[in-house]
Amino acid sequence: MSTATRSNPWGRLALYLVLGLFCIYYLTPLYVMLINSFKPLGEITSGGMVALPQDWTSEPWQKAWSEAQVGVEATGLRPYFINSFLMVIPAVAITTILGALNGYVLTKWSFRGSTLIFGFILFGCFIPFQVVLIPMARTLGLLGLAGSVPGLVFVHVVYGISFSTLYFRNYYTSFPTELVRAAQIDGAGFFTIFWRIMLPSSGPIAVVCVIWLFTNIWNDFLFGASFSDFDSQPMTVALNNLVQSSTGVKEYNVHFAGAIIAALPTLLVYVVAGRFFVRGLMSGSVKG
Amino acid sequence: MPSSLHNPGKSIRGGVQDFLPRLVLSPTIALTLVFTYGFILFTTYLSFSNSGMLPSYDLVGWANYTRLFKLRAWSIATTNLLIFGVLYIGICAVLGLLLAILLDQRIRAEGFIRTVYLYPMALSFIVTGVAWKWILDPGIGLEAVMHDWGFTSFQFRWIKDRDMAIYTIVIAAVWQTSGFVMATFLAGLRGIDREMLHAAEVDGASTFALYRRIVIPQLRPAFLSAFVVLAHMAIKSYDLVIALTNGGPGISTEMPATFMYSYTFTRNQMGVGAASAEIMLLTIVAIIVPYLWSELRGNKQ
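Respectively, the protein sequence lines represent chains H and W.
Every number in this note's numbering is 334 more than the matching position in the first sequence, counting from 1.
Every number in this note's numbering is 15 more than the matching position in the second sequence, counting from 1.
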């Protein structure tokens with residue numbers, strides 16, 4: 335279908351030009367954040383937002399990381415960055431393991447009604463979280479988890495399981511059941527089969543699932559804003575507080591440095607394992 | 016595990032083995048039952064109660080819903096959702112389709128370009144909001160830059176304008192997700208029957224006709240799934256509004272999700288907040304259920 339455009343060199347040129355312009359469009363905000371995070375404030379306020387810094391400085395980064403006033407004290411974003419990691423690592427690990435086990439049961443040990451149960455779990459992927467905010471706030475209070483990082487881990491696990499179950503279930507569906515049956519006849523039990531046969535071949539889907547969960551939980555704002563206290567806020571909430579705070583001069587350069595710090599972990603994952611990220615994105619959203 | 020020598024042991028293990036799968040699945044079932052279904056029921060109950068700052072169990076019938084639909088803030092929120100949803104989905108679809116078709120022309124460095132188009136999807140909406148908030152800010156952003164370049168009459172202050180601010184949310188949201196729509200369409204394009212295209216090409220069909228008659232109709236499933244995802248994101252959009260405009264100026268960029276949050280947690284009208292959450296849920300169900308239904312039926316055929 336591309337012969338018409340391929341035979342015409344001017345058409346090709348125009349094509350690359352348009353694609354290049356769109357690259358600029360997508361990269362501009364990142365460029366703006368990056369260059370302005372290395373400028374003194376004065377260079378930004380004088381209308382030079384797209385110009386390169388005349389006076390390169392790393393001070394905005396230092397300020398964003400360890401000095402800016404975010405909560406009660408001027409701690410910078412560092413404690414919140416750590417909070418996000420403390421939240422995201424256990425949440426991703428628990429959710430992925432549960433999803434793998436669920437997917438294994440739902441495909442290789444299916445029983446009467448297990449398809450129905452899958453549909454029942456899957457519904458959790460679609461609900462708007464506003465509909466669970468009020469009871470969750472009460473429940474976390476009752477469990478003594480309100481305003482804490484473990485509370486956030488709990489919430490993310492609860493609402494992440496439906497996705498991890500979906501991923502593993504769809505992946506294991508195409509895994510040969512005969513292998514499982516053969517192992518069973520050889521006397522291997524439920525967990526032995528999972529451990530020795532299923533898990534070793536789950537690499538790709540585990541990567542997809544981990545990346546998808548990591549990106550989503552790291553980027554979450556709603557749960558973080560609803561269920562955390564000053565000292566348990568995740569990075570996204572802290573960044574928003576930093577930018578929205580109305581006291582004093584607006585330090586745009588510090589805001590941009592902070593935004594890049596908040597974006598860095600997920601961007602890094604995307605650059606290193608973009609292929610898996612896209613796969614997760616497509617199957618997480620497309621498959622029903 | 017060695018195979019057991021005597022039968023009784025084996026039969027006992029068989030029993031445990033029958034029981035184990037259900038046991039392993041049970042925590043998830045319990046969590047889903049309580050935290051998804053139970054919580055939805057609880058919120059539904061609250062939406063019919065006179066809950067204020069705290070949940071209350073006194074039922075008041077449909078009062079919260081009638082009140083909700085009389086509130087100016089809610090009608091602004093739903094109108095905004097409509098404007099935002101239509102533009103966001105429409106622009107993303109057109110842009111995504113265009114980029115996918117352009118990228119499907121045996122482009123060199125396709126992988127690199129795809130990576131560039133899709134990276135905003137890895138960012139938090141808060142980061143996107145911060146970036147666009149200052150880019151669109153007349154004091155330091157686009158307007159200031161144009162003035163600095165000598166175009167002193169250039170004006171772009173939508174973000175400060177009650178009537179136009181909602182469109183700035185469209186701008187930022189399209190920037191973030193159009194790459195994802197592109198990827199969906201590109202995957203669809205790669206699945207198209209090349210034989211048929213070749214035959215049509217031999218018959219002398221123009222490139223335009225080829226796309227209009229053969230390619231685009233075959234992208235229907237890709238379009239449908241992109242539509243469902245985008246509609247879902249539009250209804251739930253919260254972070255981006257908070258970071259970009261915080262609902263302002265005034266309440267001009269209020270959306271259902273921000274409305275629900277502020278009525279429930281800052282204005283202490285939990286009953287109304289719960290009612291608005293129910294409306295959001297019903298809207299999503301109205302979109303998702305027919306979609307899933309048609310998907311599942313399609314799989315059976």
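Glycine included, C-beta positions come from ideal geometry on N, C-alpha and C.
Near residue i, which residues of its chain fall below 6 Å by C-beta distance, leaving aside the five closest residues on each side in sequence?
i: W:D6; result: No answer is possible for residue 6 of chain W: the residues shown for chain W start at 16 and end at 316.
i: H:K397; result: V588
i: H:A596; result: M569, L573
i: W:V189; result: I106, C107
i: W:R172; result: P153
Can you check whether the C-beta of residue i is within less than 8 Å of a C-beta belonging to chain W?
i: H:L386; result: no
i: H:F561; result: no
i: H:M532; result: no
i: H:G622; result: Residue placement at H:G622 is poorly supported in this model, since its pLDDT is 32, which falls under 50; the coordinates still yield a value, given next. Yes, because at least one Cβ of chain W sits closer than 8 Å to the Cβ of H:G622.
i: H:H490; result: no
i: H:G382; result: yes
i: H:V588; result: no
i: H:Y604; result: yes
i: H:L347; result: no
i: H:N553; result: yes
i: H:N436; result: yes
i: H:R472; result: yes
i: H:N574; result: yes
Rounded to the nearest angstrom, what separates residue i and residue j at their Cα positions?
i: H:G378; j: W:A159; result: A small correction: the amino acid at residue 378 of chain H is Ile; Gly does not occupy that position in the sequence shown. Looking at the two C-alpha atoms, the distance is approximately 10 Å.
i: H:S617; j: W:D208; result: 22 Å
i: H:L420; j: H:V483; result: 7 Å
i: W:I303; j: W:G111; result: 22 Å
i: H:T337; j: W:I229; result: The predicted model places H:T337 with a pLDDT of 47, which falls under 50 and marks its position as unreliable; any figure quoted below should be read in that light. Approximately 16 Å between the Cα atoms of the pair.
i: W:I257; j: W:T143; result: 11 Å
i: W:A224; j: H:F415; result: 53 Å
i: H:T339; j: H:G345; result: Because the pLDDT of H:T339 is 47, which lies under 50, any placement of that residue in the model is unreliable, and the number read from its coordinates should be weighed accordingly. For H:T339 and H:G345, the distance between alpha carbons rounds to 6 Å.
i: H:G458; j: H:L500; result: 11 Å
i: W:I91; j: W:Q170; result: 26 Å
i: W:N79; j: W:P70; result: 14 Å
i: W:L341; j: W:T58; result: Look at the range of chain W in this structure, 16 to 316, and you will see that residue 341 of chain W is not part of it.
i: W:T51; j: H:V466; result: 7 Å
i: H:E407; j: H:L576; result: 12 Å
i: H:A348; j: W:T93; result: 41 Å
i: H:Y493; j: H:Y506; result: 21 Å
i: W:F294; j: W:T199; result: For the sequence presented, residue 294 of chain W should be read as Ile rather than Phe. Looking at the two C-alpha atoms, the distance is approximately 29 Å.
i: W:L40; j: H:H490; result: 18 Å
i: W:W147; j: W:V101; result: 21 Å
i: W:L297; j: H:A522; result: 46 Å
Does residue i come within less than 8 Å of chain H when only Cβ atoms are used?
i: W:F238; result: no
i: W:N350; result: Beyond the ends of chain W as shown, which are 16 and 316, falls residue 350 of chain W; an answer cannot be given.
i: W:A45; result: no
i: W:S26; result: A caution first: W:S26 carries a pLDDT of 41, below 50, which makes its placement in the model too unreliable to give a value.
i: W:S64; result: no
i: W:I128; result: yes
i: W:L61; result: yes
i: W:E269; result: no
i: W:A5; result: There is no way to answer for residue 5 of chain W, as the model of chain W reaches only from 16 to 316.
i: W:Q233; result: no
i: W:R37; result: yes
i: W:N261; result: yes
i: W:P305; result: no
i: W:V109; result: no
Skipping 5 residues on each side, what residues in its chain have a beta carbon closer than 8 Å to that of residue i?
i: W:I150; result: G156, L157
i: H:V366; result: M383, V384, F590
i: H:L486; result: M421, A425, F557, G558, F561, S562, S566, P568
i: H:N342; result: none
i: H:T600; result: F548, T549, W552, N553
i: W:P83; result: Before going further, note that residue 83 of chain W is Leu rather than Pro in the sequence given. Result list for W:L83: W89, V287, A290, S291, I294, in chain order.
Whose C-beta lies closer than 7 Å to the C-beta of residue i among residues of the same chain, with five residues either side of it excluded?
i: H:S418; result: W552, P568, M569
At the 8 Å Cβ level, is residue i part of the contact set with chain C, yes or no?
i: W:Q120; result: Among the chains of the structure shown, chain C does not appear; the protein chains present are H and W.
Practice prompt. Evaluate the contact criterion for the segment 410–429 of chain H versus the segment 459–476 of chain H: three or more CB pairs, one atom per stretch, below 8 Å.
Written response: No, the segment 410–429 of chain H does not touch the segment 459–476 of chain H.
Practice prompt. Would you list, in sequence order, the uninterrupted beta strand (DSSP E) runs of no fewer than 3 residues that lie entirely inside the segment 169–234 of chain W?
Written response: Whole beta strand (DSSP E) segments, 3+ residues: zero.
Item to complete: Jot down the residue ranges of each uninterrupted beta strand (DSSP E) in the segment 515–561 of chain H, minimum 3 residues, whole runs only, in chain order.
Response: Fully enclosed beta strand (DSSP E) runs of no fewer than 3 residues are not present anywhere in the segment 515–561 of chain H.
Worksheet item: Pairing CB atoms from the segment 61–69 of chain W with CB atoms from the segment 538–558 of chain H, are three or more of them under 8 Å?
Response: Too few Cβ pairs lie closer than 8 Å, so no.
Discussion item. I'd like the ranges of any alpha helix (DSSP H) spanning at least 4 consecutive residues and lying wholly in the segment 48–105 of chain W.
Written reply: The qualifying runs are 54–62, 78–85.
Worksheet entry | the segment 363–373 of chain H in contact with the segment 583–594 of chain H per 3-pair CB rule at 8 Å | Three or more beta-carbon pairs separated by less than 8 Å link the segment 363–373 of chain H to the segment 583–594 of chain H, which places the two stretches in contact.
Item to complete: Quick one: which unbroken beta strand (DSSP E) runs of 3-plus residues sit fully inside the segment 402–473 of chain H? Chain order, please.
Response: Counting only runs of 3 or more, we get nothing.
Item to complete: Any chance you could list the alpha helix (DSSP H) runs of at least 4 consecutive residues sitting entirely within the segment 234–314 of chain W, in chain order?
Response: Complete alpha helix (DSSP H) runs here, min 4: 235–251, 254–259, 271–276.
Discussion item. Count Cβ pairs between the segment 559–567 of chain H and the segment 502–509 of chain H that sit closer than 8 Å; are there 3 or more?
Written reply: Taking a cut-off of 8 Å on C-beta distances, the segment 559–567 of chain H does not touch the segment 502–509 of chain H, as fewer than three cross pairs fall below it.
Discussion item. Would you call the segment 228–246 of chain W in contact with the segment 120–131 of chain W, where contact means no fewer than 3 C-beta pairs closer than 8 Å?
Written reply: Contact fails between the segment 228–246 of chain W and the segment 120–131 of chain W, because fewer than three Cβ pairs, one in each stretch, are under 8 Å apart.
Practice prompt. Entirely within the segment 553–616 of chain H and at least 4 residues each: give me those alpha helix (DSSP H) ranges in chain order.
Written response: Within the segment 553–616 of chain H, the complete alpha helix (DSSP H) segments at least 4 residues long are 556–561, 569–578, listed from N- to C-terminus.
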